[in-house]
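Just so we're on the same page, our numbering is the position in the sequence shown counted from 1, plus 1322.
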Amino acid sequence: MAKIILTHEVSGLGAAGDIVEVKNGYARNYLLPRGFALVWTKGGEKQVESIKAARAARAVANLEDAQALASKLKSQPVKITMKAGTNGRLFGTVKTADIAAAVEAAGLGKIDKRNVEVNDHIKSTGNYTATVRVHEDVVANLKLQVVAAAKK
(Lines of atoms letter the chains of each structure in order from A and count residues from 1; the text may use other names and numbers.)
(Lines give C-alpha, C1' and ligand atoms only; values in the text may rest on other atoms or scores of the structure.)
Protein backbone atom coordinates (compact mmCIF):
# COMPACT_ATOMS: atom_id res chain seq x y z
CA MET A 1 0.00 0.00 0.00
CA ALA A 2 1.23 3.47 -0.90
CA LYS A 3 0.60 6.50 1.29
CA ILE A 4 -0.19 9.58 -0.82
CA ILE A 5 -1.39 13.16 -0.48
CA LEU A 6 -4.26 14.06 -2.83
CA THR A 7 -3.79 17.32 -4.74
CA HIS A 8 -7.18 17.14 -6.49
CA GLU A 9 -10.54 15.74 -5.55
CA VAL A 10 -10.88 12.11 -6.62
CA SER A 11 -14.35 10.56 -6.57
CA GLY A 12 -14.62 7.74 -4.10
CA LEU A 13 -11.21 8.43 -2.60
CA GLY A 14 -11.09 11.86 -1.01
CA ALA A 15 -10.63 15.59 -1.40
CA ALA A 16 -7.54 17.69 -2.00
CA GLY A 17 -5.25 17.67 1.00
CA ASP A 18 -6.37 14.28 2.30
CA ILE A 19 -3.73 11.68 3.12
CA VAL A 20 -4.88 8.24 1.96
CA GLU A 21 -3.47 4.79 1.41
CA VAL A 22 -4.06 3.15 -1.96
CA LYS A 23 -2.64 0.17 -3.79
CA ASN A 24 0.79 0.74 -5.32
CA GLY A 25 -0.37 0.24 -8.91
CA TYR A 26 -3.27 2.69 -8.58
CA ALA A 27 -0.93 5.34 -7.23
CA ARG A 28 1.91 4.65 -9.66
CA ASN A 29 -0.16 4.21 -12.83
CA TYR A 30 -3.10 6.58 -12.34
CA LEU A 31 -2.92 9.13 -9.54
CA LEU A 32 0.72 10.22 -9.75
CA PRO A 33 1.07 10.55 -13.56
CA ARG A 34 -2.12 12.61 -13.82
CA GLY A 35 -1.05 14.93 -11.00
CA PHE A 36 -3.93 13.94 -8.72
CA ALA A 37 -1.57 13.03 -5.88
CA LEU A 38 1.93 13.35 -4.42
CA VAL A 39 3.92 10.70 -2.60
CA TRP A 40 3.65 11.22 1.15
CA THR A 41 6.80 12.35 2.91
CA LYS A 42 7.40 14.20 6.15
CA GLY A 43 8.29 17.27 4.11
CA GLY A 44 5.16 16.79 2.01
CA GLU A 45 3.10 16.93 5.17
CA LYS A 46 3.71 20.69 5.20
CA GLN A 47 2.09 20.98 1.77
CA VAL A 48 -1.14 19.58 3.15
CA GLU A 49 -1.94 22.84 4.94
CA SER A 50 -1.40 24.91 1.78
CA ILE A 51 -3.53 22.50 -0.28
CA LYS A 52 -6.32 22.62 2.30
CA ALA A 53 -6.12 26.45 2.45
CA ALA A 54 -6.44 26.66 -1.34
CA ARG A 55 -9.40 24.25 -1.26
CA ALA A 56 -11.08 26.32 1.45
CA ALA A 57 -10.63 29.49 -0.60
CA ARG A 58 -12.38 27.85 -3.58
CA ALA A 59 -15.16 26.28 -1.51
CA VAL A 60 -18.49 27.92 -0.86
CA ALA A 61 -18.31 29.54 2.55
CA ASN A 62 -21.22 27.97 4.36
CA LEU A 63 -23.92 25.38 3.99
CA GLU A 64 -26.79 27.85 3.44
CA ASP A 65 -25.00 29.50 0.51
CA ALA A 66 -24.22 26.08 -0.94
CA GLN A 67 -27.86 25.00 -0.70
CA ALA A 68 -29.00 28.25 -2.33
CA LEU A 69 -26.53 27.75 -5.19
CA ALA A 70 -27.62 24.12 -5.58
CA SER A 71 -31.28 25.12 -5.83
CA LYS A 72 -30.38 27.71 -8.50
CA LEU A 73 -28.48 25.08 -10.47
CA LYS A 74 -31.39 22.63 -10.29
CA SER A 75 -34.00 25.25 -11.21
CA GLN A 76 -33.19 25.81 -14.87
CA PRO A 77 -31.18 24.09 -17.59
CA VAL A 78 -27.92 25.59 -18.80
CA LYS A 79 -27.51 26.11 -22.54
CA ILE A 80 -24.12 25.29 -24.05
CA THR A 81 -23.46 26.28 -27.66
CA MET A 82 -20.83 24.24 -29.51
CA LYS A 83 -19.77 23.81 -33.13
CA ALA A 84 -21.47 20.78 -34.63
CA GLY A 85 -21.89 19.01 -37.94
CA THR A 86 -25.14 18.61 -39.81
CA ASN A 87 -26.09 15.43 -37.97
CA GLY A 88 -25.65 17.02 -34.51
CA ARG A 89 -22.25 15.49 -33.78
CA LEU A 90 -19.96 17.97 -32.00
CA PHE A 91 -16.49 18.95 -33.15
CA GLY A 92 -14.85 17.86 -29.90
CA THR A 93 -16.51 17.25 -26.55
CA VAL A 94 -18.08 19.41 -23.88
CA LYS A 95 -15.50 19.83 -21.12
CA THR A 96 -16.09 20.61 -17.45
CA ALA A 97 -14.56 24.05 -18.04
CA ASP A 98 -17.20 24.69 -20.73
CA ILE A 99 -19.94 23.73 -18.27
CA ALA A 100 -18.53 25.99 -15.53
CA ALA A 101 -18.29 28.90 -17.98
CA ALA A 102 -21.86 28.33 -19.20
CA VAL A 103 -23.18 28.31 -15.62
CA GLU A 104 -21.43 31.61 -14.91
CA ALA A 105 -22.63 33.11 -18.20
CA ALA A 106 -26.21 32.11 -17.36
CA GLY A 107 -25.93 34.09 -14.13
CA LEU A 108 -26.44 31.09 -11.85
CA GLY A 109 -23.22 31.60 -9.92
CA LYS A 110 -19.56 30.69 -10.10
CA ILE A 111 -18.55 27.05 -9.81
CA ASP A 112 -15.16 25.39 -10.05
CA LYS A 113 -14.62 23.12 -13.05
CA ARG A 114 -13.03 20.53 -10.75
CA ASN A 115 -16.36 20.12 -8.95
CA VAL A 116 -18.25 19.19 -12.12
CA GLU A 117 -18.64 15.51 -13.03
CA VAL A 118 -20.10 14.23 -16.28
CA ASN A 119 -20.98 10.54 -16.52
CA ASP A 120 -20.35 10.09 -20.25
CA HIS A 121 -18.51 12.16 -22.82
CA ILE A 122 -20.85 14.67 -24.42
CA LYS A 123 -20.20 14.35 -28.15
CA SER A 124 -23.53 15.31 -29.70
CA THR A 125 -26.30 17.86 -29.26
CA GLY A 126 -29.13 17.09 -26.87
CA ASN A 127 -30.05 17.12 -23.19
CA TYR A 128 -27.64 15.82 -20.56
CA THR A 129 -27.18 15.82 -16.80
CA ALA A 130 -24.01 16.74 -14.91
CA THR A 131 -23.32 16.49 -11.19
CA VAL A 132 -21.92 19.52 -9.38
CA ARG A 133 -20.41 19.14 -5.92
CA VAL A 134 -21.15 22.59 -4.49
CA HIS A 135 -20.10 21.78 -0.92
CA GLU A 136 -18.88 18.68 0.89
CA ASP A 137 -22.48 17.96 1.91
CA VAL A 138 -24.36 19.44 -1.07
CA VAL A 139 -24.54 17.92 -4.55
CA ALA A 140 -26.68 19.34 -7.37
CA ASN A 141 -27.79 17.73 -10.62
CA LEU A 142 -27.38 20.25 -13.43
CA LYS A 143 -29.43 19.93 -16.60
CA LEU A 144 -27.51 20.76 -19.78
CA GLN A 145 -28.87 21.62 -23.22
CA VAL A 146 -26.15 21.24 -25.83
CA VAL A 147 -27.06 23.06 -29.05
CA ALA A 148 -25.25 23.61 -32.33
CA ALA A 149 -23.76 27.03 -32.97
CA ALA A 150 -25.28 29.04 -35.80
CA LYS A 151 -23.30 28.65 -39.00
CA LYS A 152 -22.05 31.76 -40.74
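The beta-carbon is built from N, C-alpha and C at its ideal position, and this holds for glycine as well.
From a predicted model like this one, the values you see are computed outputs, not experimental measurements.
Proximal residues to residue i (C-beta, below 7 angstroms), its chain only, five neighbours per side dropped
i, result
"residue 1388", "1382, 1456, 1457, 1460"
"residue 1336", "1328, 1342"
"residue 1448", "1468"
"residue 1298", "Outside the displayed range of the chain (1323 to 1474) lies residue 1298, so it cannot be described from this structure."
"residue 1408", "none"
"residue 1446", "1410, 1411, 1412"
Nearest-angstrom Cβ-Cβ length linking residue i and residue j, presumed shorter than 8 angstroms
i, j, result
"residue 1349", "residue 1373", "Not really, about 17 angstroms apart at Cβ, beyond 8 angstroms."
"residue 1370", "residue 1341", "7 angstroms"
"residue 1450", "residue 1430", "Not confirmed; about 16 angstroms, so no contact."
Beta carbon of residue i nearer than 9 angstroms to that of residue j
i, j, result
"residue 1454", "residue 1425", "yes"
"residue 1440", "residue 1422", "no"
"residue 1462", "residue 1353", "no"
"residue 1433", "residue 1420", "no"
"residue 1464", "residue 1396", "yes"
Cβ shell of residue i (< 6 angstroms), same chain only, five flanking positions each side left out
i, result
"residue 1560", "A query on residue 1560 cannot be resolved here, the shown segment of the chain reaching from 1323 to 1474 and no further."
"residue 1323", "1343"
"residue 1428", "1400"
"residue 1332", "1358"
"residue 1443", "1415"
Cut-off 8 angstroms between Cβ atoms - residues of its own chain near residue i, not counting five sequence neighbours on either side
i, result
"residue 1405", "1412, 1413, 1414, 1470, 1471"
Residue of the options minimising C-alpha distance to residue i
i, options, result
"residue 1410", "1394, 1473, 1433", "1473"
"residue 1363", "1351, 1395, 1326, 1442", "1326"
"residue 1436", "1445, 1398, 1452", "1452"
* In chain order, which continuous runs of the alpha helix (DSSP H) of length 4 or greater are located wholly inside the stretch 1416-1467? -> Whole alpha helix (DSSP H) segments, 4+ residues: 1418-1427.
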